[in-house]
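Quick note, the sequence shown lines up with residues 1 to 561 if you use UniProt numbering. Glycine included, every Cβ here is placed at the ideal spot set by N, Cα and C. Bear in mind that the values here come from a model prediction, so they are computed numbers and not experimental data. To start, the structure under review is shown below, and the notes come after it.
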Amino acid sequence: MVEDSTVSVTVDTCSTEEWLLNSQELVPIALTKAKEVKGFLGRWKMIVSKLEQVPSKLSDLSSHPCFSKNALCKEQLQAVSKTLREAIELAELCLKEKYEGKLRMQSDLDAMIGKLDLNLKDCSLLTKSGVLGEATLQFNVSGIIAESDIATHGNIKELLARLQIGHLESKDKALDRLHEIMKDDEKTVLAAFCRSNVAALVQLLTATSPRIRDKTVSIICSIVESGSSCENWLVSEGVLPPLIRLVESGSAFGKEKAIVSLQRLSMSEETTRAIVGHGGVRPLIELCQVGDSVSQAAAACTLKNISAVPEVRQVLAEEGVVRVMINLLNNGMLLGTKEYAAECLQNLTASNENLRRSVISENGIQSLLAFLHSPVPQESAVGALKNLVGSVSEETLVSLGVLSCLVHILKSGSLGAKQNAASIICRICSSIEMKKMLGEVGCIPLLINMLEAKANTARELAAQAIASLMILSQNRREVKKDVKSVPNLVQLLDPSPQNTAKKYAVCCLGSLSSCKKCKKLMISYGAIGYLKKLIEMEIPGAKKLLERLERGKLRSLFSRK
Numbered sequence: 001m002v003e004d005s006t007v008s009v010t011v012d013t014c015s016t017e018e019w020l021l022n023s024q025e026l027v028p029i030a031l032t033k034a035k036e037v038k039g040f041l042g043r044w045k046m047i048v049s050k051l052e053q054v055p056s057k058l059s060d061l062s063s064h065p066c067f068s069k070n071a072l073c074k075e076q077l078q079a080v081s082k083t084l085r086e087a088i089e090l091a092e093l094c095l096k097e098k099y100e101g102k103l104r105m106q107s108d109l110d111a112m113i114g115k116l117d118l119n120l121k122d123c124s125l126l127t128k129s130g131v132l133g134e135a136t137l138q139f140n141v142s143g144i145i146a147e148s149d150i151a152t153h154g155n156i157k158e159l160l161a162r163l164q165i166g167h168l169e170s171k172d173k174a175l176d177r178l179h180e181i182m183k184d185d186e187k188t189v190l191a192a193f194c195r196s197n198v199a200a201l202v203q204l205l206t207a208t209s210p211r212i213r214d215k216t217v218s219i220i221c222s223i224v225e226s227g228s229s230c231e232n233w234l235v236s237e238g239v240l241p242p243l244i245r246l247v248e249s250g251s252a253f254g255k256e257k258a259i260v261s262l263q264r265l266s267m268s269e270e271t272t273r274a275i276v277g278h279g280g281v282r283p284l285i286e287l288c289q290v291g292d293s294v295s296q297a298a299a300a301c302t303l304k305n306i307s308a309v310p311e312v313r314q315v316l317a318e319e320g321v322v323r324v325m326i327n328l329l330n331n332g333m334l335l336g337t338k339e340y341a342a343e344c345l346q347n348l349t350a351s352n353e354n355l356r357r358s359v360i361s362e363n364g365i366q367s368l369l370a371f372l373h374s375p376v377p378q379e380s381a382v383g384a385l386k387n388l389v390g391s392v393s394e395e396t397l398v399s400l401g402v403l404s405c406l407v408h409i410l411k412s413g414s415l416g417a418k419q420n421a422a423s424i425i426c427r428i429c430s431s432i433e434m435k436k437m438l439g440e441v442g443c444i445p446l447l448i449n450m451l452e453a454k455a456n457t458a459r460e461l462a463a464q465a466i467a468s469l470m471i472l473s474q475n476r477r478e479v480k481k482d483v484k485s486v487p488n489l490v491q492l493l494d495p496s497p498q499n500t501a502k503k504y505a506v507c508c509l510g511s512l513s514s515c516k517k518c519k520k521l522m523i524s525y526g527a528i529g530y531l532k533k534l535i536e537m538e539i540p541g542a543k544k545l546l547e548r549l550e551r552g553k554l555r556s557l558f559s560r561k
């Protein structure tokens, strides 16, 4: 049918068979007249070649078992008849040379070629898509879908076919109907989509009508959020460029649905690269600065997903993402937005020293610390801080309040946040002075508590941090005072392969072995048995610690005798 929103569905009482006969009668007339035209030969030869294809398409359509039962056939034949009549009229004008200028006629002939192309394509689609096997939709005399049919879900495939054929008005009505059905049964509609339907939706994203674009992107957003296999079809059919354009210049509704769609699609690394390649970074950054709360959060999440791909991080930096993320960390409308910003900064600073310097110069550490003083410090923010602490001096860390923040994280953070905090302690306690300050702010008891964590990584990091701090005598005294320190450390002598903390546990217990009370506790909790197995595994320090414990055990035995 004609791609023209001004065309209305013809109101008539003719049957489908009568419209077929009408089209078949018009073809030879149109062909005869087209071949008689002497001017514009190139264009008329193309029109003739397309007219010659019409009879076979009509034959395919009429031979289908459901030919007379489906409203789409009748509408298609009406469109073919209309195009054939227009072709005859154009031929007569050219034969009589009664047209308004050559340029105007050339334009009209080009339009005719486009209409014939569309007619041929739509006929093929109807016969090859299988849609004619579906029950026909009932239309009232005005050509509009009857209200009584809105609750009927049996004709979804036919509705989806209407997204691919016909003029914009009929596609617009199909979109409305799909929205109505999806309110009650979204799952059924989404399950009916095939690749050609998805391709049709992608094409409608570029329609001139903002209303149609908004309806289309709403359905696409539902497809993407459903997690169906259609996601791959959307990307391969070219959905990314029009979604990015909607983020740039769509309506408020269209922007929101487009960015939510991009957020989900950017979970794929390959798609993420494509978003960057299609120029998607700048509009995402702009939306972070001026969007509403939902759009801002979705844009921040999309940029976070993009930042997970190492090779595109420099592109993000060149577009100013560092400053934007730090601003979101300070002023994001939603807590989720701030979390996405922190995770984006964590990704950006994972392996690039230049980006670390950029974050530091934009006061990124201060913003992260302010965010981390929330009741539940976020793991991603601690991860970003961990990436940055090695690029600043100890004096700076102390002056910014990093040490007190670490204590807060060890007290209130999630296990992942605590792991990152322990890792930061291992990184920064390189000097005696720093070890002293970390012990004084109260890190040691909190790290000892972490030795009881279920996660191997958490226990290992805590034991490593304690081992580093115990080089200082006053920190050793702090460890000795904690009644849980020796029992927890002995448990970490477990020789199982899953226990990765055993070498640090040996180191910590070795530092405590000069204390008689601690040695007795080690022996009573079974350290000797563990150490014998660790010696076989060649764990450093295990043999020396065992000798100290056994020597103490012998002395105790002789003293009792």
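Item                                                                                                                : Value
Length of the line joining the Cα atoms of Ser-496 and Leu-284                                                      : 48 Å
C-beta atoms of Leu-348 and Leu-316 nearer than 8 Å                                                                 : yes
Rounded Cβ spacing between Leu-461 and Gln-419 (contact assumed at less than 8 Å)                                   : 5 Å
Closest Cα partner of residue 628 within the set Ile-181, Leu-334, Ser-49 and Val-294                               : Outside the displayed range of the chain (1 to 561) lies residue 628, so it cannot be described from this structure.
Start-end ranges of the alpha helix (DSSP H) lying completely within the segment 355-404, minimum 4 residues        : 364-372, 379-388 and 394-400
Burial state of Ile-432, where buried means 16 or more other Cβ atoms lie within 10 Å                               : exposed
Residues near Gly-442 in its chain [Cβ-Cβ closer than 8 Å; skip 5 each side]                                        : Val-407
The alpha helix (DSSP H) enclosing Pro-487, as first and last residue numbers                                       : 485-491
Cβ distance (whole Å) where residue 569 is taken to contact Leu-160 below 8 Å                                       : No answer is possible for residue 569: the residues shown for the chain start at 1 and end at 561.
Short Cβ contact (8 Å threshold) for Leu-26 with Ser-81                                                             : yes
Per-residue DSSP class, three states only, for Val-309                                                              : coil
Arg-548 beta carbon near the ligand ATP (any heavy atom closer than 7 Å)                                            : For the structure depicted, the ligand ATP is absent and the ligand set is empty, with no information on it obtainable.
Cβ separation of Val-398 and Met-437, assumed to be a contact under 8 Å, to the nearest whole Å                     : 7 Å
Sequence-distant residues of the same chain with beta carbon closer than 8 Å to Tyr-525, five excluded per side     : Val-486, Pro-487, Val-490 and Gln-491
Proximity to Ser-62 [Cα-Cα], best of Ala-297, Glu-269 and Glu-18                                                    : Glu-18
Distance CB(Cys-507)-CB(Gly-541) smaller than 8 Å                                                                   : yes
Nearest-angstrom beta carbon gap, Cys-123 and Lys-57 [assumed within contact, 8 Å]                                  : 4 Å
Where Ala-317 falls: helix, strand or coil (DSSP)                                                                   : helix
Straight-line gap, residue 574 to Lys-50 (C-alpha atoms, nearest Å)                                                 : Past the boundaries of the shown model lies residue 574; the chain is included only from 1 to 561, so the question cannot be answered.
Reduced DSSP secondary structure (H/G/I, E/B, other) of Gly-529                                                     : helix
Simplified DSSP state of Asp-185, which is helix, strand or coil                                                    : helix
CB of Thr-302 within 8 Å of CB of Gln-346, strictly                                                                 : no
Cβ-Cβ distance between Val-382 and Ala-421 below 8 Å                                                                : yes
CA nearest to the CA of Ser-170, picked from Ala-79, Val-281 and Leu-31                                             : Ala-79
Separation of Ala-200 from Ile-29, as counted between CA atoms                                                      : 34 Å
Close-in-space but distant-in-sequence residues of the same chain around Lys-362 (CB under 7 Å, 5 per side omitted) : Note that residue 362 corresponds to Glu in the displayed sequence, not to Lys. Result list for Glu-362: Val-322, Arg-323 and Ile-326, in chain order.
Three-state secondary structure assigned by DSSP to Ile-539                                                         : coil
7 Å Cβ shell around Thr-457 - same chain, five flanking residues per side excluded                                  : Gln-419
Asn-119, enclosing alpha helix (DSSP H) - first and last residue                                                    : 102-128
Whole-number beta carbon distance between Ala-455 and Tyr-504, since they are thought to touch under 8 Å            : Wrong, their Cβ atoms sit about 15 Å apart, outside the cutoff.
Residue burial classification, Ile-471 (beta-carbon count within 10 angstroms, cutoff 16)                           : exposed
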